[in-house]
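In terms of numbering that gives the first Met the number 0, the sequence shown opens at residue 0 and continues consecutively. From the three backbone atoms N, C-alpha and C, an ideal C-beta is built for every residue, glycine too. Predicted, not measured: the structure shown is a model, and the values here were computed from it. Take a look at the structure set out below.
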Amino acid sequence: MVKRAFTLMEVITTITILSLVSLAVLMSVDKIYKSYERSKTLTTLNLQKELLSSQIEALLSSRVPASLITYDPKNSKFASIFSNKSYPIFEWISFEKEALDEGDYSSFLDMKRCDISSLSLFSPDTNLTKVNERVKERFSKSGDLFSKDEIVLIFSGPFDDGGSPFDKDFKNFYGWHQSKEKKIIKIKNSSQTERFFIKNKPFEIFEKFYLCSSAYAIALAKDIDKKEECIKKLPVKIKESDLLLFYDYRPWKKESFCADPNSSSKAGKVTILSRNIKDFKIKTKYESILFEATLFKKLKTKHQISLFTQKVIF
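Encoded structure:
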């Protein structure tokens with residue numbers, strides 16, 4: 000029996016069907032891969048979002064509330080976060096929360112045992128030597144930090160916020176960007192554990208106080224001076240969309256963060272908080288702080304996935 004050969008039409012039809020099947024398979028595989036890439040990217044962004052929110056909450060939970068400002072380095076302007084103004088960089092003074100939680104100081108004065116005439120204050124369960132050692136360890140410093148004015152005192156004020164942000168003289172409260180530091184009380188340790196002395200007599204004294212050793216700043220890399228040495232020393236090359244944290248600088252000593260493009264007295268250190276941040280903002284929400292950020296990630300398909308996050312900080 001002789002087997003009949005395929006006709007040309009049958010061959011063409013077979014090739015066409017196989018091509019269509021192959022194309023359908025390829026399209027299906029491509030769709031699966033794109034779906035996998037999107038899913039993987041979203042998972043990564045969600046993890047990044049949670050980590051960033053946790054870091055911001057930990058940082059801002061130890062702020063002196065009234066000290067939080069928004070700063071515009073291009074025009075050398077700053078304003079309280081409680082104003083209607085919003086600039087690219089946010090700064091605040093942090094109190095010694097770890098030392099407080101560990102019982103190194105109580106943050107309260109015994110007003111009956113204070114003697115303002117001799118500039119002597121008494122704070123029960125307060126050991127400034129322990130506070131000094133803790134801050135030295137954190138910032139890799141040495142010596143008596145109180146004598147260097149690296150640890151200072153801010154009275155809580157009548158509203159427990161460290162000073163009224165609505166006061167007309169607010170810009171002269173903390174020393175921000177070469178301004179005065181009227182709310183900063185410089186202190187010195189004594190041989191008596193719970194007693195210490197103030198170097199500059201305050202206008203008012205309150206029972207509660209904050210011990211502060213550093214200011215902090217958050218900024219996108221596009222808004223800072225990337226040529227500064229502290230930026231060059233980072234382990235990776237900085238991108239415009241990197242969110243940076245600056246610390247270990249003291250505005251009451253006329254210092255600004257180490258990559259401030261508008262300062263001649265730069266100090267401190269820097270680290271990368273997060274990458275691929277399109278924008279961010281810190282604003283007030285009633286008596287709390289609201290942190291907002293948009294994270295993004297480019298796909299291999301040249302498309303981009305964005306993820307918005309919010310965090311309320313009390």
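- Excluding residues up to 5 positions away in sequence, N188 lie with their Cβ nearer than 7 Å to the Cβ of T128 in the same chain.
- Listed in chain order, the beta strand (DSSP E) elements of length 3 or more contained wholly in the stretch 250-291 are 268-273 and 276-284.
- One Cα belongs to L108, the other to E90, and the distance between them is close to 28 Å.
- Boundaries of the alpha helix (DSSP H) around D100: K96 to D100.
- Take the alpha-carbon of G156 and the one of K301: they are about 53 Å apart.
- D259 is a Cβ neighbour of K265, given a cutoff of 8 Å.
- In chain order, D241 place their CB closer than 6 Å to the CB of R274, counting only its own chain and leaving out the 5 sequence neighbours on each side.
- Look at C113 here: in three-state DSSP terms it is coil, with no helix or strand label.
- The beta-bridge partner set that DSSP reports for E49 is empty.
- Residue state for D71 is assigned as strand, using DSSP reduced to three classes.
- Taking the Cα positions, I230 is about 11 Å away from K238.
- The residue from K39, K277, K252 and T42 with its alpha-carbon nearest to that of A220 is K277.
- E90 carries a strand assignment under DSSP once its states are collapsed to helix, strand and coil.
- With contacts defined as CB atoms closer than 8 Å, S305 and F295 qualify as a contacting pair.
- Put simply, of E203, I16, I223 and S139 the residue whose alpha carbon is nearest the alpha carbon of M110 is E203.
- With a cut-off of 8 Å on Cβ pairs, the stretch 135-148 is not in contact with the stretch 157-171, counting fewer than three such pairs.
- Annotated three-state conformation of I197 is strand, per DSSP.
- Residue pairing by DSSP places L242 opposite L219 and S273 in a beta bridge.
- Out of R194, S79 and K297, the CA that lies nearest to the CA of K170 is found in S79.
- Between S52 and E149, the beta carbon gap of about 30 Å keeps them out of contact (Cβ cut-off 8 Å).
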